[in-house]
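Student: The structure that follows is given in the form of structure tokens.
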Amino acid sequence: MGVSPGFPPLCRALGIACLALASLGLAWADELQGRVVKVADGDTITVLDAQRQQHVIRLAGIDAPEKSQPYGQKSKAHLSQAVFGQTVTVTFDKRDRYGRIVGQVRVLGEDANLRQLQAGWAWHYKQYQNEQTPDQRSVYDAAERAAREKRLGLWQGQGPASPEPPWDYRARLKSERQSAQNHTPLSGSRLQ
610 MGVSPGFPPL
620 CRALGIACLA
630 LASLGLAWAD
640 ELQGRVVKVA
650 DGDTITVLDA
660 QRQQHVIRLA
670 GIDAPEKSQP
680 YGQKSKAHLS
690 QAVFGQTVTV
700 TFDKRDRYGR
710 IVGQVRVLGE
720 DANLRQLQAG
730 WAWHYKQYQN
740 EQTPDQRSVY
750 DAAERAAREK
760 RLGLWQGQGP
770 ASPEPPWDYR
780 ARLKSERQSA
790 QNHTPLSGSR
800 LQ
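Per this note's numbering, residue 610 is the first one in the sequence shown, and the count goes up by one each step.
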């Protein structure tokens, strides 16, 4: 589909600019500001906006240990120290299957998601890396790699197989629950 020759040059330029932004995923991004009133874990916070509406935010591009995993509480504490009670800006363009906003959180101009990686309290969530810009992917990868090399946060004193990534931990727990449900003895049955 071409642009008609009578289309004004300014409109053509604006159309091209909009298409370029859309291809970068920037055209549809929303933004919200508010104060962090809760830190659920190392990658999930609750923000209270100016209209006193609460928004649950999942930090994009990272996955932190679950609270029940080793380092889960320390990851939560690190994020809490950085953002709790602070005014943040959240840039987002999607919600996850739980209805949480998935976004980049900025506090005092700094990327809180990236800070979790730099301090070694989260993994770069590569399952969703295609939702990041190439620059973000590169920076987040480098931050995790540097934290591993420096043995920061959850990387301190761990062997090559540890720590267990949260996505593997969640899958293992789900499998164990399903296995337990499938192997429950029938009530009232007797062995003869």
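Beta carbons: idealized from backbone N, C-alpha and C, even for Gly.
Roughly how many angstroms separate the alpha carbons of Arg-667 and Leu-782, rounded to a whole number?
Tutor: As a working mapping, residue 667 is identified with position 58 in the sequence shown. As a working mapping, residue 782 is identified with position 173 in the sequence shown. Near 21 Å, if we compare the C-alpha coordinates of Leu-782 and Arg-667.
Student: Assign Val-656 to buried or exposed, taking buried as 16 or more other Cβ atoms, counted over all protein chains shown, within 10 Å of its Cβ.
Tutor: The count along the sequence shown starts at 1 and reaches residue 656 at position 47. Burial call: buried.
Student: Check Asp-702 in the structure and name its three-state DSSP category.
Tutor: Position 93 of the sequence shown holds residue 702. Three-state result, Asp-702: strand.
Student: Below 8 Å between beta carbons: does that hold for Asp-672 and Tyr-749?
Tutor: As a position in the sequence shown, residue 672 is number 63, starting the count at 1. As a position in the sequence shown, residue 749 is number 140, starting the count at 1. Not closer than 8 Å, so no.
Student: Please classify Asp-720 as buried or exposed, where buried requires at least 16 other C-beta atoms within 10 Å of its C-beta.
Tutor: Sequence index remark: in the sequence shown, residue 720 carries index 111 (1-based). By the 10 Å Cβ count, Asp-720 comes out buried.
Student: In angstroms, rounded to a whole number, what distance separates the CA positions of Ala-728 and Asn-722?
Tutor: By one-based count along the sequence shown, residue 728 stands at place 119. By one-based count along the sequence shown, residue 722 stands at place 113. Between Ala-728 and Asn-722, the C-alpha separation is close to 10 Å.
Student: What's the call for Glu-753, buried or exposed, on a 16-neighbour Cβ count within 10 Å?
Tutor: On the sequence shown, residue 753 is found 144 positions in, with the first residue counted as 1. Label assigned to Glu-753: buried.
Student: Taking Arg-644 as the reference, give the member of Gly-651, Arg-661, Asp-652 with the closest Cα.
Tutor: Here residue 644 refers to the residue found at position 35 when the sequence shown is read from its first residue. Minimum Cα distance to Arg-644 is reached at Arg-661.
Student: Could you tell me if Lys-759 is buried or exposed, where buried requires 16 or more neighbouring beta carbons within 10 angstroms of its beta carbon?
Tutor: Indexing the sequence shown from 1 puts residue 759 at position 150. It counts as exposed.
Student: To the nearest angstrom, how far is it from the Cα of Val-665 to the Cα of Gly-766?
Tutor: Here residue 665 refers to the residue found at position 56 of the sequence shown. Here residue 766 refers to the residue found at position 157 of the sequence shown. Looking at the two C-alpha atoms, the distance is approximately 33 Å.
Student: Lys-647 by DSSP, collapsed to three states: which one?
Tutor: On the sequence shown, position 38 is the one that residue 647 refers to. Correct three-state label for Lys-647: strand.
Student: Which two residues bound the contiguous alpha helix (DSSP H) that contains Arg-781?
Tutor: Reading the sequence shown from its first residue, position 172 is the one you call residue 781. First-last of the alpha helix (DSSP H) with Arg-781: 775-791.
Student: Roughly how far, in whole angstroms, is the beta-carbon of Phe-701 from the beta-carbon of Gly-694, given that I think they are within contact range, below 8 Å?
Tutor: Translated into positions along the sequence shown, residue 701 becomes position 92. Translated into positions along the sequence shown, residue 694 becomes position 85. Wrong, their Cβ atoms sit about 21 Å apart, outside the cutoff.
Student: What does the Cβ neighbour count give for Glu-717, buried or exposed, with the cut at 16 atoms within 10 Å?
Tutor: Stepping through the sequence shown from its first residue, residue 717 is reached at position 108. Looking at the sequence itself, residue 717 is Leu, so the reference to Glu does not match. Per the 10 Å Cβ criterion, exposed.
Student: Tell me the DSSP secondary structure of Glu-758 in three-state form.
Tutor: In the sequence shown, residue 758 corresponds to position 149, counting from 1. Helix.
Student: Tell me whether the beta-carbon of Gly-681 lies closer than 8 Å to the beta-carbon of Gln-741.
Tutor: Locating residue 681 in the sequence shown gives position 72, counting from the first residue. Locating residue 741 in the sequence shown gives position 132, counting from the first residue. In this structure, Gln-741 does not lie closer than 8 Å to Gly-681 by Cβ.
Student: Between the C-alpha atoms of Asp-744 and Thr-653, what's the straight-line distance to the nearest angstrom?
Tutor: By 1-based counting over the sequence shown, the position of residue 744 is 135. By 1-based counting over the sequence shown, the position of residue 653 is 44. In a straight line, the C-alpha of Asp-744 is about 23 Å away from that of Thr-653.
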